[in-house]
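Visitor: In terms of UniProt numbering, the sequence shown opens at residue 1 and continues consecutively. C-beta atoms are modelled at their ideal positions from N, C-alpha and C, and glycine is treated no differently.
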Amino acid sequence: MIMKNKEELKSLVDTVTSSEDYEGNYGYRITDTSATLCNVDESHRQQVPADYLEFLTEFGFGELDAAFHLDDGPEKYSTICGREIEGYEGIYVFGGNSSDMLYAFDAKNNWQVVEVSSELDGVDVLASSFSDFILEQLKYIKSLVERRAAC
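Below is the structure:
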């Protein structure tokens with residue numbers, strides 16, 4: 001799937017990173033897809049969503065806000081947390097927020113985007129594609145930035 005809403009995404013990223021209170025380190029771009037996917041099981045590498053890889057290549061990764069960071073590649077939940085979640089053995093974490101929420105792909109369910117509580121092992125579906133997920137995240141972060149600026 002090709003990344004949707006590219007112009008809107010660019011505008012949102014620019015708004016957040018150019019705000020007066022911006023303190024993140026966002027913007028490092030990937031240059032080597034195979035290095036990005038080194039923590040993904042070989043059998044899953046061909047299915048990693050193209051819109052996700054395109055986003056990392058064009059817009060980058062890092063901390064965009066305390067409310068959201070994108071990692072430089074997906075990593076198995078079991079590697080990060082030391083355990084699997086029953087029924088969700090194909091979870092690959094690609095980001096998170098400053099609390100205990102992790103954002104991940106569910107490789108066994110069409111690579112939909114899920115939210116995982118690293119403490120509760122609860123899984124909630126957030127979006128059917130990375131493009132839809134990242135657009136909503138960026139809109140939310142922009143609203144946080146605007147609220148902070150108004151104070």
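#1: With DSSP as the reference, identify every bridge partner of residue 166, one or two as the case may be.
#2: Does the Cβ of Gly82 have 16 or more other Cβ atoms within 10 Å, making it buried, or fewer, making it exposed?
#3: With DSSP as the reference, label Asp100 as helix, strand or coil.
#4: According to DSSP, simplified to helix, strand and coil, what is Lys4?
#5: If you count every other CB in all the chains shown that lies within 10 Å of the CB of Ala66, and 16 or more means buried, which is it?
#6: Using the Cβ count rule (16 or more neighbours within 10 Å means buried), how would you classify Ser131?
#7: Residue 188 lies in the beta strand (DSSP E); which residues open and close that run?
#8: How is the beta strand (DSSP E) around Val123 delimited, first residue to last?
#9: Strictly by DSSP, which residues pair up with Phe105?
#10: If we count the other Cβ atoms within 10 Å of its Cβ and call it buried at 16 or more, is Leu120 buried or exposed?
#11: Classify Gln137 as buried or exposed, calling it buried when 16 or more other Cβ atoms lie within 10 Å of its own Cβ.
#12: Looking only at its chain, what residues have a beta carbon closer than 8 Å to the beta carbon of Ile141, apart from the 5 residues adjacent to it on each side?
#13: Beta-carbon within less than 6 Å of Tyr52's beta-carbon, same chain only, minus the 5 sequence neighbours each way: which residues are those?
#14: Classify Ala149 as buried or exposed, calling it buried when 16 or more other Cβ atoms lie within 10 Å of its own Cβ.
Guide: Result, derived from the coordinates:
#1: Residue 166 is absent from the model: the chain starts at 1 and stops at 151.
#2: The sequence position of residue 82 within the sequence shown is 82, counting from 1. Classification of Gly82: exposed, given that the 10 Å Cβ count is below 16.
#3: Position 100 of the sequence shown holds residue 100. The answer is coil: DSSP assigns Asp100 none of H, G, I, E or B.
#4: For this step, residue 4 is matched to residue 4 along the sequence shown. DSSP places Lys4 in coil when its eight states are reduced to three.
#5: Counting from one through the sequence shown, the residue named residue 66 turns up at place 66. Exposed, since its Cβ has fewer than 16 Cβ neighbours within 10 Å.
#6: Numbered from its first residue, the sequence shown carries residue 131 at position 131. Ser131 is buried by the Cβ-count criterion.
#7: Because residue 188 is not part of the residues shown, which for the chain are 1 to 151, the question remains open.
#8: On the sequence shown, position 123 is the one that residue 123 refers to. Val123 -> beta strand (DSSP E) spans 123–127.
#9: Sequence index remark: in the sequence shown, residue 105 carries index 105 (1-based). According to DSSP, which records beta bridges pairwise, Phe105 is partnered with Tyr92, Val113.
#10: The residue you call residue 120 lines up with position 120 of the sequence shown. Exposed, because fewer than 16 other Cβ atoms sit within 10 Å of the Cβ of Leu120.
#11: Stepping through the sequence shown from its first residue, residue 137 is reached at position 137. Buried.
#12: The sequence position of residue 141 within the sequence shown is 141, counting from 1. Excluding residues up to 5 positions away in sequence, Leu12, Val16, Leu64, Asp65, Ala67, Phe68 lie with their Cβ nearer than 8 Å to the Cβ of Ile141 in the same chain.
#13: By 1-based counting over the sequence shown, the position of residue 52 is 52. Excluding residues up to 5 positions away in sequence, Phe130 lie with their Cβ nearer than 6 Å to the Cβ of Tyr52 in the same chain.
#14: As a position in the sequence shown, residue 149 is number 149, starting the count at 1. Ala149 should be labelled exposed.
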